[in-house]
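Protein sequences, first through last, are from chains U and Y.
If you're matching positions, the first sequence starts at 1 in the working numbering and goes up one per residue.
If you're matching positions, the second sequence starts at 1001 in the working numbering and goes up one per residue.
We put the CB at the ideal spot given by N, CA and C, even for glycine.
Bear in mind the structure is a predicted one, so any value in this text is a computation, not a measurement.
A quick write-up on the structure given underneath.
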Amino acid sequence: MQNRLINWFKFSSPATFYPLAGRLAPIFWVLAIVLIGIGLYMSFFVAPVDYKQGDGYRIIFIHVPASWMSMFIYIVMAGWSAIGLIFNTRLSAMMAQALAPTGAMFAFVSLWTGSFWGKPMWGTWWVWDARITSELILLFLYLGYMALVGAIDDRRRADRAGAILLLVGVVNVPIIYFSVKWWNTLHQGATIKMNGQTSMDETMLQTMLIMALGFWAYSIAAAMVRVRAIILEREMGATWVRELIGDRA
Amino acid sequence: MSSILEKLDMGKYALYVWGSFGVTAACMILEPLLLRSRAARIQRQIARLNRLETNKR
């Protein structure tokens, strides 16, 4: 019986995770390029012109996936932080730190593209609407997390402080998600609903989902490359790192 | 060719559509490049430390 259990803790060691991340990264880069390539093609050549918003609506093909990723990455980071606090595994904090810049980038992209959609559709670049404001807070949480972790010299303390910040900040994610329901916002309600009733053209929906998968693959690939750099930076003194790198490069 | 250009013509939304896709593309190209240089930098640094130690011995 004991032999049939997968030893998950094996991969919580940076030394075993480093080569695994190295094998995963190229697979996800390829997936990301293919999916985003198909998604871009569909965005401009397949998806029809919207009857109301003309060509301007095409912004949603990046706006919605970027917004999803910004929230999803934050939840994954909070999950890693919880694991790190409970099991005291070193890799957890490294994973959270590896995801943070990508999450922040997507939060920025979400706000930027939202703004570029808002100007022609609503007539304004920015409003202090509940959803937009809570997404801005998400961006600040990412930046705050990175600044906090970077400001503490003691790595273990930095990991723990960062983990607590992430777990406290996770309350913001449902606020973003449900903001369009809870408050009267200028931002429209969810187009893709959890209960499956979607108010959207079939090809538009497919394009958006393919883009979302592409962004997903991109995030995994970026996180894998970054976690490898973080592992080397933090384990510089370890014998396995010294032997792995050798004296070339 | 002209039909491709026609498809890519966003009309009065050109600034907004290309402003969105352009900045997103810039971000998603820049990040992997920055990552690559970060990974290369740390590898060089470790290799240098290794060389220094071999020289000492």
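Please check the pair Y/Asn1050 and U/Ile33, which I expect to be a contact at CB under 8 Å, by giving their CB distance rounded to whole angstroms.
-> Between U/Ile33 and Y/Asn1050 the Cβ distance is about 34 Å, and since that is not below 8 Å, they are no contact.
Residues bridged to U/Gly54 by DSSP?
-> U/Asp50
Test: Y/Leu1035 CB closer than 8 Å to a CB of chain U | yes
Rounded to a whole number of angstroms, what is the C-alpha to C-alpha distance between U/Ala238 and U/Asp153?
-> 19 Å
Short-range partners of chain Y found in the region 224 to 247 of chain U, where Cβ spacing is below 8 Å = Val225, Arg226, Arg228, Ala229, Leu232, Glu233, Met236, Val241, Arg242, Ile245, Gly246 and Asp247
Per-residue DSSP class, three states only, for U/Met211 | helix
Mind listing the chain Y neighbours of U/Tyr218? Cutoff is C-beta to C-beta under 8 Å, in chain order.
-> Met1028
Helix or strand or just coil, what does DSSP make of U/Thr89?
-> coil
Roughly how many angstroms lie between the CA atoms of U/Glu243 and U/Phe72, to the nearest whole one?
-> 36 Å
DSSP state of U/Asp201 mapped onto helix, strand, coil = coil
Does any residue of chain U bring its CB to less than 8 Å from the CB of Y/Lys1007?
-> yes
Write down the C-beta distance between U/Thr203 and U/Val64 rounded to the nearest angstrom, noting that I regard them as a contact closer than 8 Å.
-> Actually they are not in contact, since the Cβ atoms of U/Thr203 and U/Val64 sit about 15 Å apart, beyond 8 Å.
In angstroms, rounded to a whole number, what distance separates the CA positions of U/Lys10 and U/Leu209?
-> 34 Å
Is U/Ile176 closer than 8 Å to U/Arg131 when the C-beta atoms are compared?
-> yes
What number of angstroms, rounded off, separates the C-alpha of Y/Gly1019 from the C-alpha of U/Trp29?
-> 25 Å
Give a yes or no on whether 8 Å exceeds the smallest Cβ distance from U/Ala100 to chain B.
-> You won't find chain B in this structure, because its protein chains are U and Y.
By a C-beta neighbour count over all protein chains shown, 10 Å radius and 16 as the cutoff for buried, is U/Ala66 buried or exposed?
-> buried
In its own chain, which residues sit with a C-beta less than 8 Å from the C-beta of U/Gln206, not counting the 5 before and 5 after it?
-> Met42
Cβ of U/Gly56 within 8 Å of any chain Y Cβ = yes
Do the CB positions of U/Ile220 and U/Met94 come within less than 8 Å of each other?
-> no
Using a Cβ cut-off of 9 Å, pull out every chain Y residue sitting near U/Ile132, in sequence order please.
-> What U/Ile132 touches in chain Y: nothing, since even the nearest Cβ is about 15 Å away.
Quick one: residues in its chain with C-beta nearer than 6 Å to the C-beta of U/Leu141, no 5 flanking neighbours on either side, listed in chain order?
-> Gly169
Would you mind telling me which residues of chain Y sit closer than 9 Å to U/Ala47, beta carbon to beta carbon, in chain order?
-> By Cβ distance, chain Y contributes nothing, its closest Cβ being about 10 Å from U/Ala47, past 9 Å.
If contact means a Cβ-Cβ distance below 9 Å, which residues of the region 55 to 78 of chain U contact chain Y?
-> Asp55, Gly56, Tyr57, Arg58, Ile59, Phe61, Ile62, His63 and Ala66
Tell me whether U/Val171 is buried or exposed, calling it buried when 16 or more other Cβ atoms sit within 10 Å of its Cβ.
-> exposed
Can U/Met146 and U/Ala78 be called in contact, C-beta distance under 8 Å?
-> no
Grab the span of the alpha helix (DSSP H) containing Y/Thr1024 for me, first residue to last.
-> Ala1014 to Lys1056
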